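Here my numbering is used: the first residue of the sequence shown is 714, the next is one more, and so on. Beta carbons: idealized from backbone N, C-alpha and C, even for Gly. Treat the numbers as computed from the prediction; the structure is a model and nothing was measured.
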Amino acid sequence: RDIMAQFGSMADFEEMLAGMHQRGIKLIMDLVVNHSSDEHEWFRQSRSSRNNPYRDYYYWWPAEKGKPPYRWSFFDVNSEAWQFDPPTDAYYLHYFSVKQPDLNWENPRVRREVYDLMRFWLDKGIDGFRIDVAAFFSKELPFREIPEEEIARQYGSWPDYYAKGPRLHEFLQEMHREVLAD
């Protein structure tokens, strides 16, 4: 919960925010919590061991189960959303870039971390969030092989399939209740 040094310091942020508010300008923060960077500490911990407490912060598919069911990726050069990760002999899910592993919103600890992060910035005085790709928080589990014809017939496209996770509304209601309703 800090500002990257190349963008300044927390004191710089607080001064900027105060200046914005003095001028009647609202600050809406971009919140990306469908995925993290593969350089984020949670993911580094997650990939260090199958027994690491951060392991279930992400979606993993053990290689001994064979290749995971096909999932399309928006930015992967092979259009494949599962990336093999040698350190623990498993694949991780990334609907976007291979550098952006998807967070496991089924895990209540992940949701608690996100809500704590949101409260931190709201307590700092920001005026709201633009929540990036929120429609992709919920995944249909368990992961199963889905024929292309089924995707086309039921959903129209992979992005439409991804945007219809069964618990999405529940997660957004919980976020509202836990953070935004105050």
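Go ahead and pull the three-state DSSP assignment for residue i.
{"i": "methionine 742", "result": "strand"}
{"i": "glycine 841", "result": "strand"}
{"i": "serine 759", "result": "helix"}
{"i": "arginine 890", "result": "helix"}
{"i": "leucine 689", "result": "There is no way to answer for residue 689, as the model of the chain reaches only from 714 to 895."}
{"i": "methionine 723", "result": "helix"}
{"i": "phenylalanine 849", "result": "helix"}
{"i": "histidine 882", "result": "helix"}
{"i": "glutamate 728", "result": "helix"}
{"i": "proline 855", "result": "coil"}
{"i": "tyrosine 767", "result": "coil"}
{"i": "aspartate 836", "result": "helix"}
{"i": "isoleucine 864", "result": "helix"}
{"i": "histidine 753", "result": "coil"}
{"i": "aspartate 873", "result": "helix"}
{"i": "methionine 733", "result": "helix"}
Output needed for residue i: all residues of its chain with C-beta closer than 6 Å, excluding positions within five of it in sequence on either side, in chain order.
{"i": "phenylalanine 797", "result": "Tyr804"}
{"i": "glutamate 904", "result": "Only positions 714 to 895 of the chain appear in the structure, and residue 904 is not among them; the question remains open."}
{"i": "phenylalanine 756", "result": "Ser749 and Pro814"}
{"i": "lysine 852", "result": "Gly878"}
{"i": "arginine 763", "result": "Thr801"}
Between residue i and the rest of its own chain, which residues show a CB-CB distance below 7 Å, the 5 nearest in sequence each way excluded?
{"i": "valine 846", "result": "Asn747"}
Hey, residue i and residue j are a contact pair by Cβ (cut 8 Å); roughly how many whole angstroms apart?
{"i": "tyrosine 828", "j": "valine 745", "result": "Not confirmed; about 15 Å, so no contact."}
{"i": "isoleucine 839", "j": "leucine 740", "result": "5 Å"}
{"i": "arginine 917", "j": "proline 800", "result": "One cannot answer for residue 917 here, as it falls past the ends of the chain, which runs 714 to 895."}
{"i": "phenylalanine 850", "j": "phenylalanine 809", "result": "Actually they do not touch by this definition, with Cβ atoms about 13 Å apart."}
{"i": "asparagine 948", "j": "aspartate 769", "result": "The structure shown does not extend to residue 948, since the chain spans only 714 to 895, so no value can be given for it."}
DSSP puts residue i in a beta bridge; with which residues?
{"i": "histidine 748", "result": "Asp815"}
Excluding five sequence neighbours on each side, which residues of the same chain lie with their C-beta closer than 8 Å to the C-beta of residue i?
{"i": "serine 792", "result": "Trp785 and Ser786"}
If you measure from the CB of residue i, is any heavy atom of the ligand MN nearer than 7 Å?
{"i": "valine 790", "result": "The ligand MN is not part of the structure shown, which contains no ligands of any sort."}
Any chance you could list the beta strand (DSSP E) runs of at least 3 consecutive residues sitting entirely within the region 771-828, in chain order?
773-775, 795-798 and 803-806
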